[in-house]
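Residue numbers (the numbering used here), protein chains in the order written: chain A, 76 to 255; chain B, 76 to 255. Note that the Cβ used here is the ideal one computed from N, Cα and C, for glycine as well. This structure is a prediction, so every number in the text was calculated from the model and none was measured. Scroll down for the structure; my scribbles are underneath it.
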DNA sequence: AAAATAATTAGACAGCGTTCAATTCGCGTC
DNA sequence: GACGCGAATTGAACGCTGTCTAATTATTTT
């Protein structure tokens, strides 16, 4: 997936490379969709770990700007793992078939990190809106990241999508009472 | 494309429905990618017209909130034309092959509308940042719209992504000096 | 009516996800 | 060591896909 990207990914090629036949792959994962769900859930785990790492590391560089670290982590993971990151959003399961429970849980981890950090930066009075606001800010950053990677920004002459995203996020946090 | 969606769309099925053979389709469009580019560029045109319509219509309902009308138009188009809207972002041309010039021009129309409206709402002092800010706000709305349609928001209990997106946009515009 | 040009087709090719009867493997028992 | 049995694995078959091209049909020009 990392090499070929979502469009050119194929179960047959996977089988070839791991030295098994397609049949075995299907006995284990059941369908193409479930194989991709497994891959994408792994990506979510890696991504969450990447964010935590970004928050923990370099405490001298940026003493306390954990919000900027989150946005930066979101972008850099997508940038350094383009194909597997895009695969998350390229894949859509057939309507009606819901995400398996255990997978959904692992995927929620990423949002939880953001909710936690957003809550920490908000004043007590507005802290209860943290979950909703956090999701909205993730969407904001996601939009910027998507356009940065698919070329929409470059096409329009934008050179620093990360800075843009960070600015938008901080504006919204300040509007909610955060002192940054 | 509207019926089947990007993943299940196929040139052979198109040929069947229009009463031609695949070969003819390939003589005209040259490749699958260019057929999809044609479809998606049409979608961009429809989308831009939809936005202009939303701005022109109902001047009594919302006297002058043109920014809200833009966000609403972005969302409602995506919601009422899910498949063709998603196809825009599902399709990625092979690396190295650039978007044909004439198509790129038609696609830029959408951004121009937003730049114009953002500039109109900014005070003279900050009007020069309108193009950059407009692109950033489009990214913000896009992120919210994506999560609304792919279920990410619903999964997390969010019920009103449109309101969220509008709030984020207005916060950023106010931060840039707009009086709303 | 004949010649020249344009439009269209059918079929071949390689690859895809999916299925499943047939085969092979691993291991406990006689 | 030989047998048996369940689990793991296979590869061929099916219908689908995008892509290409030689052959055919339509249309226009002469």
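query: Taking DSSP as the reference, what is the three-state secondary structure of residue 102 (chain A)?
result: Within the first chain, the letter at position 27 stands for residue 102 (chain A). It is helical.
query: Would you call residue 220 (chain B) buried or exposed, if buried means 16 or more other Cβ atoms sit within 10 Å of its Cβ?
result: Here the question's residue 220 (chain B) lines up with position 145 in the second chain. Residue 220 (chain B) comes out buried.
field: C-alpha distance - residue 186 (chain B) paired with residue 141 (chain A), whole-angstrom precision
entry: For the purposes of this step, residue 186 (chain B) is taken as the residue at position 111 of the second chain. For the purposes of this step, residue 141 (chain A) is taken as the residue at position 66 of the first chain. Cα to Cα, residue 186 (chain B) sits roughly 32 Å from residue 141 (chain A).
field: Residue-level contact to chain B via CB, residue 225 (chain A), 8 Å cutoff
entry: As a first step, residue 225 (chain A) must be located in the first chain, where it is residue number 150. Yes, contact with chain B.
query: Going along chain A, which residues have a C-beta under 8 Å from residue 246 (chain B)?
result: Residue 246 (chain B) sits at position 171 when you count from the first residue of the second chain. Within chain A, the residues near residue 246 (chain B) are 246, 247 and 250.
task: Below 6 Å CB to CB, which residues in the same chain sit around residue 103 (chain A) once its five sequence neighbours on both sides are set aside?
output: Along the first chain, read from residue 1 onward, the residue named residue 103 (chain A) stands at position 28. Cβ within range, chain order: n/a, list empty.
- prompt: In whole angstroms, what separates the C-alpha of residue 245 (chain B) from that of residue 239 (chain A)?
  reply: Here residue 245 (chain B) refers to the residue found at position 170 when the second chain is read from its first residue. Here residue 239 (chain A) refers to the residue found at position 164 when the first chain is read from its first residue. Using only the alpha carbons, I get a separation of about 16 Å.
message: Which of the three DSSP states is assigned to residue 108 (chain B) in this structure?
response: Taking the second chain and counting its residues from 1, the one referred to as residue 108 (chain B) is at position 33. The answer is helix: DSSP assigns residue 108 (chain B) an H, G or I state.
query: Which residues bound the alpha helix (DSSP H) around residue 200 (chain B)?
result: Residue numbering aside, residue 200 (chain B) sits at position 125 when the second chain is read from its first letter. No alpha helix (DSSP H) contains residue 200 (chain B), which DSSP labels as neither H nor E.
- prompt: Does residue 265 (chain B) come within less than 8 Å of chain A when only Cβ atoms are used?
  reply: Nothing can be reported for residue 265 (chain B), as the shown portion of chain B is limited to 76 through 255.
message: Cβ closer than 7 Å: which chain B residues qualify as neighbours of residue 233 (chain A)?
response: Translated into the one-based positions of the first chain, residue 233 (chain A) becomes position 158. By Cβ distance, chain B contributes 207 and 210.
message: For a cutoff of 8 Å on Cβ pairs, would you count residue 239 (chain B) as touching chain A?
response: For the purposes of this step, residue 239 (chain B) is taken as residue 164 along the second chain, with counting starting at 1. Taking Cβ atoms only, chain A reaches closer than 8 Å to residue 239 (chain B), which makes this a yes.
task: Could you tell me whether the Cβ atoms of residue 121 (chain A) and residue 145 (chain A) are closer together than 8 Å?
output: By 1-based counting over the first chain, the position of residue 121 (chain A) is 46. By 1-based counting over the first chain, the position of residue 145 (chain A) is 70. No, these two residues do not count as a Cβ contact at 8 Å.
Cβ-based burial, residue 248 (chain A) [other Cβ within 10 Å; buried from 16]: Position 173 of the first chain, counted from the first residue, corresponds to residue 248 (chain A). With 16 or more other Cβ atoms within 10 Å, it is buried.
query: Does residue 202 (chain B) have its Cβ less than 8 Å from a Cβ in chain A?
result: Counted from its first residue, the second chain places residue 202 (chain B) at position 127. Closer than 8 Å: no.
query: To the nearest whole angstrom, what separates the beta carbons of residue 162 (chain A) and residue 111 (chain A), a pair I think is in contact under 8 Å?
result: Taking the first chain and counting its residues from 1, the one referred to as residue 162 (chain A) is at position 87. Taking the first chain and counting its residues from 1, the one referred to as residue 111 (chain A) is at position 36. With a Cβ gap of about 7 Å, residue 162 (chain A) and residue 111 (chain A) count as contacting.
message: Do residue 143 (chain A) and residue 23 (chain A) count as a contact pair if the criterion is CB distance below 8 Å?
response: Residue 23 (chain A) lies beyond the residue range present for chain A, which begins at 76 and ends at 255; the question has no answer from this structure.
field: Option in B:149, B:179, B:253 and B:94 with minimal Cα separation from residue 199 (chain B)
entry: Start at 1 with the first residue of the second chain, and residue 199 (chain B) comes out as number 124. Out of B:149, B:179, B:253 and B:94, B:253 has the C-alpha closest to the C-alpha of residue 199 (chain B).
field: residue 196 (chain B) versus residue 250 (chain A) - alpha carbon distance
entry: Counting from 1 along the second chain, the entry for residue 196 (chain B) is found at position 121. Counting from 1 along the first chain, the entry for residue 250 (chain A) is found at position 175. Computed Cα separation, rounded: 19 Å.
message: Quick check on the DSSP output: the alpha helix (DSSP H) that includes residue 148 (chain A) runs from which residue to which?
response: Residue 148 (chain A) sits at position 73 when you count from the first residue of the first chain. Unbroken alpha helix (DSSP H) run through residue 148 (chain A): 141-155.
message: Which of the three DSSP states is assigned to residue 161 (chain A) in this structure?
response: Locating residue 161 (chain A) in the first chain gives position 86, counting from the first residue. It is helical.
query: Are the beta-carbon atoms belonging to residue 207 (chain B) and residue 194 (chain B) less than 8 Å from one another?
result: Taking the first residue of the second chain as 1, we reach residue 207 (chain B) at position 132. Taking the first residue of the second chain as 1, we reach residue 194 (chain B) at position 119. Their beta carbons are not under 8 Å apart, which means residue 207 (chain B) does not touch residue 194 (chain B) by this criterion.
- prompt: Is it true that the CB of residue 167 (chain B) sits closer than 8 Å to the CB of residue 119 (chain B)?
  reply: Residue mapping note: residue 119 (chain B) aligns to position 44 of the second chain, counting from 1. Residue mapping note: residue 167 (chain B) aligns to position 92 of the second chain, counting from 1. In this structure, residue 167 (chain B) does not lie closer than 8 Å to residue 119 (chain B) by Cβ.
query: Beta-carbon separation of residue 148 (chain A) and residue 215 (chain B) under 8 Å?
result: Position 73 of the first chain, counted from the start, is the residue given in the question as residue 148 (chain A). Position 140 of the second chain, counted from the start, is the residue given in the question as residue 215 (chain B). No.
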